[in-house]
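Chains as they are written, first to last, in the numbering used here: chain B, 1 to 128; chain D, 1001 to 1383.
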């Protein structure tokens, strides 16, 4: 029994070290993802919209925070026409530092770097 | 080919070929750089289009949700965010040169491609590939071949032109040489006759006009030496030297006796210090021409009641006079044939040319110091 338990713990640790962001944190799940999943709002699509427009995590974090603190079409990543069809999200009643932590968790969870891989058949020698 | 003709041709060829080479080399260098630039531009354009293809791949990856997102591996590329921080890539170059759109480093061509919008958060794609040297080497070979052909063509042209330019000089020199040849030939018999008859008169008859006879003898000897010098110059090209040990002291004394009448006529004070056993390996005729010309100059260009100092030892032969001297500006050209520093005395200006030729032939050292209107010192060092 003890051996089984330690094996499970080891395997979980290895997976976590190898791919630390594949599993969202509970806080992120509770604050964001659960609701997004329920309402069928694709979180990754929104992440990529932010990524495509703002490029850096810092800028994305700033824009998401601004939107969540004051949800308005001018702060949103979505086009204005989107809000003609869908209602505006209600302001979240979450503490600022918690919100920042959750946004960081969100950005880490969807971070594109962790999903990219390069194929091994590189043809040229790598220049410095 | 005459020495002067050779020298003129050499000078012409040097100037013409070096200036032509310099011109062609500069033009080829400019052309090479221009063409190389074009080749690199073409490679850069290819790299640019590859960078565009990568940007399209990035767009597809951005739209693809299911990981893993396979990043294109060829050509080598890296993506950077708007803060120029590395995101991902098939390589990670150290210190990219952001201030340039494209650059060459370590034989690799780099190109920055800007993305808009920022697929995968990338604002910049840096692509790189090794420079293909095939075309550059081909260009180098072509230009080298062109230079070689041009060099060959211009060398031949220069040779033809050179010969064309020096031909009038060659003709003049040939005419002078032919004249000397004819003159010497015609002079030989009468000079010999005069000298033989003077000797006969002095031996067999008691001639009352001794002073006049002396003058005739001096004039005839001068003519005879001139004949010898001219013959020496004429035959010098084909002359087979019989190099043998020659007692220079004995020869010098013998020649002083020969010049005795001239020395007496000018009332010159002769001071001599001639060492015994100065044996030099030399052709006898060469030694004769060397001594005769130096003595003759010391006598001819001396003043009346002047002085001549002659020192011969194992090291050198020194002859000085306190005659008219040579101007400083004339000293450089004094060895050249037909060049006379002083036109007041007779002669063709071939004396020091002959001395120079003998000195060069045997590797002696020839130094001449002179002060105008004070005198001249000539030293022949034997080694």
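Heads up, the beta-carbon is just placed ideally off N, CA and C, and yes, glycines get one too.
Predicted model, so just to flag it, every value in this text is computed and none were measured.
How about residue 116 of chain B: is its C-beta nearer than 7 Å to some C-beta of chain D? In the first chain, counting from the first residue as 1, residue 116 of chain B sits at position 116. Cβ-Cβ to chain D under 7 Å: yes for residue 116 of chain B.
Could you tell me whether the stretch 1069 to 1089 of chain D touches the stretch 56 to 64 of chain B, using the rule of 3 or more Cβ pairs below 8 Å? yes
Would you mind reading off the limits of the alpha helix (DSSP H) that contains residue 1160 of chain D? Taking the first residue of the second chain as position 1, residue 1160 of chain D is located at position 160. Where residue 1160 of chain D is concerned, the enclosing alpha helix (DSSP H) stretches over 1134 to 1204.
Check residue 1122 of chain D in the structure and name its three-state DSSP category. Working through the second chain from its first residue, we reach residue 1122 of chain D at position 122. In the structure shown, residue 1122 of chain D sits in coil (DSSP, three-state: anything other than H, G, I, E or B).
Within chain D, the residues that residue 113 of chain B reaches when beta carbons sit closer than 7 Å: By one-based count along the first chain, residue 113 of chain B stands at place 113. Those are 1087 and 1088, listed as they occur along chain D.
Determine the closest residue to residue 1276 of chain D out of D:1292, D:1242 and D:1315, with distance taken between C-alpha atoms. The residue you call residue 1276 of chain D lines up with position 276 of the second chain. Looking at the Cα atoms, D:1315 is the closest of the given residues.
Among D:1279, D:1012, D:1222 and D:1380, whose alpha-carbon lies nearest the alpha-carbon of residue 1158 of chain D? Counting from one through the second chain, the residue named residue 1158 of chain D turns up at place 158. When each option's Cα is compared against that of residue 1158 of chain D, the closest is D:1012.
Output needed in chain order: residues of the stretch 1046 to 1071 of chain D with a Cβ under 7 Å from some Cβ in chain B. 1062, 1065, 1067, 1068, 1069, 1070 and 1071
Throw me the rounded Cβ distance for the residue 1297 of chain D and residue 1351 of chain D pair, which I believe falls under 8 Å. Within the second chain, numbered from 1, the residue matching residue 1297 of chain D stands at position 297. Within the second chain, numbered from 1, the residue matching residue 1351 of chain D stands at position 351. 6 Å between Cβ atoms; contact.
Taking any Cβ of chain D, which residues in the stretch 31 to 59 of chain B have a Cβ under 7 Å from it, in chain order? Residues of the stretch 31 to 59 of chain B with a C-beta atom less than 7 Å from some C-beta of chain D are 44, 48, 51, 52, 53, 55 and 56, listed in chain order.
Could you tell me if residue 7 of chain B is buried or exposed, where buried requires 16 or more neighbouring beta carbons within 10 angstroms of its beta carbon? On the first chain, position 7 is the one that residue 7 of chain B refers to. At residue 7 of chain B the pLDDT is 35, less than 50, meaning the model places this residue with poor confidence; the figure from the coordinates comes in the next sentence. Residue 7 of chain B should be labelled exposed.
Along the stretch 1119 to 1134 of chain D, what residues have a CB closer than 8 Å to any CB found in chain B? 1119, 1120, 1121, 1122, 1123, 1128, 1129 and 1130
How many Å lie between residue 65 of chain B and residue 1088 of chain D at the Cα? For this step, residue 65 of chain B is matched to residue 65 along the first chain. For this step, residue 1088 of chain D is matched to residue 88 along the second chain. Spanning the two alpha carbons is a distance of roughly 26 Å.
Residue 1263 of chain D beta carbon less than 7 Å from that of residue 1270 of chain D: Along the second chain, read from residue 1 onward, the residue named residue 1270 of chain D stands at position 270. Along the second chain, read from residue 1 onward, the residue named residue 1263 of chain D stands at position 263. In contact: residue 1270 of chain D and residue 1263 of chain D (Cβ atoms closer than 7 Å).
If you pair each beta-carbon of the stretch 1038 to 1046 of chain D with each one of the stretch 1183 to 1191 of chain D, do three or more pairs fall below 8 Å? Touching, no.
Which listed residue (D:1325, D:1365 and D:1357) has its alpha carbon closest to that of residue 1377 of chain D: Within the second chain, residue 1377 of chain D is the residue found at index 377, counting from 1. Considering only alpha carbons, the answer is D:1325.
State the start and end residues of the unbroken alpha helix (DSSP H) segment that holds residue 82 of chain B. As a working note, residue 82 of chain B is residue 82 in the first chain. From DSSP, the alpha helix (DSSP H) with residue 82 of chain B extends over 82 to 85.
What does residue 119 of chain B reach in chain D if we use C-beta pairs closer than 7 Å? For the purposes of this step, residue 119 of chain B is identified with residue 119 of the first chain, where counting begins at 1. Within 7 Å Cβ-Cβ: 1070 and 1073.
Can you tell me where the alpha helix (DSSP H) with residue 37 of chain B in it begins and where it stops? Stepping through the first chain from its first residue, residue 37 of chain B is reached at position 37. That run of the alpha helix (DSSP H) goes 34 to 38.
Starting from the beta carbon of residue 1117 of chain D, find every residue of chain B whose beta carbon is closer than 8 Å, and list them in chain order. For the purposes of this step, residue 1117 of chain D is taken as residue 117 along the second chain, with counting starting at 1. Within 8 Å Cβ-Cβ: 52 and 53.
By the criterion of Cβ-Cβ separation under 9 Å, what are the contact partners of residue 1102 of chain D in chain B? Looking up residue 1102 of chain D in the second chain gives position 102. Correct list: empty, because the minimum Cβ distance to chain B is about 14 Å.
Which partner residues of residue 1369 of chain D appear in the DSSP bridge assignment? As a working mapping, residue 1369 of chain D is identified with position 369 in the second chain. In the DSSP output, where bridge partners are listed per residue, residue 1369 of chain D has D:1377.
Pairs of beta-carbons, one from the stretch 1122 to 1129 of chain D and one from the stretch 1070 to 1078 of chain D, closer than 8 Å: are there three or more? yes
According to the Cβ coordinates, are residue 1311 of chain D and residue 1273 of chain D closer than 7 Å? Counting from 1 along the second chain, the entry for residue 1311 of chain D is found at position 311. Counting from 1 along the second chain, the entry for residue 1273 of chain D is found at position 273. Yes. Within cutoff.
Endpoints, the alpha helix (DSSP H) within which residue 65 of chain B is located: The residue labelled residue 65 of chain B in the question sits at position 65 within the first chain. Its alpha helix (DSSP H) spans residues 57 to 69.
Could you tell me how far apart the beta carbons of residue 131 of chain B and residue 28 of chain B are, in whole angstroms, since I believe they sit closer than 8 Å? Given that chain B is displayed from residue 1 to residue 128, the structure contains no residue 131 of chain B and the question cannot be resolved.
Around the Cβ of residue 1064 of chain D, are there at least 16 other Cβ atoms within 10 angstroms (buried) or fewer (exposed)? Taking the second chain and counting its residues from 1, the one referred to as residue 1064 of chain D is at position 64. Looking at its Cβ environment, which holds fewer than 16 other Cβ atoms inside 10 Å, residue 1064 of chain D is exposed.
For residue 1322 of chain D, collect the residues of the same chain with a Cβ closer than 6 Å to its Cβ; drop the 5 residues on either side in sequence, then sort them by chain order. On the second chain, residue 1322 of chain D is found 322 positions in, with the first residue counted as 1. Counting only Cβ-Cβ distances below 6 Å, and skipping sequence neighbours, we find 1306, 1307 and 1375.
When you compare only the Cα positions, how much space is there between residue 98 of chain B and residue 31 of chain B? Walking along the first chain from the start, residue 98 of chain B turns up at place 98. Walking along the first chain from the start, residue 31 of chain B turns up at place 31. Roughly 9 Å separates the two Cα atoms.
Kindly give me the distance between the Cβ atoms of residue 96 of chain B and residue 25 of chain B, rounded to whole angstroms, as I take these residues to be in contact under 8 Å. Here residue 96 of chain B corresponds to residue number 96 of the first chain, with the count starting at 1. Here residue 25 of chain B corresponds to residue number 25 of the first chain, with the count starting at 1. Not a contact, Cβ separation roughly 18 Å.
With 7 Å set as the bound, which would you pick, yes or no: does the beta-carbon of residue 1082 of chain D sit closer than that to a beta-carbon of chain B? Taking the second chain and counting its residues from 1, one reaches residue 1082 of chain D at position 82. Yes, residue 1082 of chain D lies at the interface with chain B (some Cβ there is under 7 Å from its Cβ).
If you check the beta carbons only, do residue 1292 of chain D and residue 1245 of chain D fall under 7 Å apart? By 1-based counting over the second chain, the position of residue 1292 of chain D is 292. By 1-based counting over the second chain, the position of residue 1245 of chain D is 245. No.
Mind pulling the beta strand (DSSP E) runs of 3 or more residues that sit fully within the stretch 1015 to 1087 of chain D? 1069 to 1071 and 1076 to 1080
Taking just the CA atoms, how far does residue 100 of chain B sit from residue 86 of chain B? Residue mapping note: residue 86 of chain B aligns to position 86 of the first chain, counting from 1. Residue mapping note: residue 100 of chain B aligns to position 100 of the first chain, counting from 1. For residue 86 of chain B and residue 100 of chain B, the distance between alpha carbons rounds to 26 Å.
Using 8 Å as the threshold, is the stretch 1100 to 1119 of chain D in touch with the stretch 1128 to 1140 of chain D, meaning 3 or more CB pairs across them? yes
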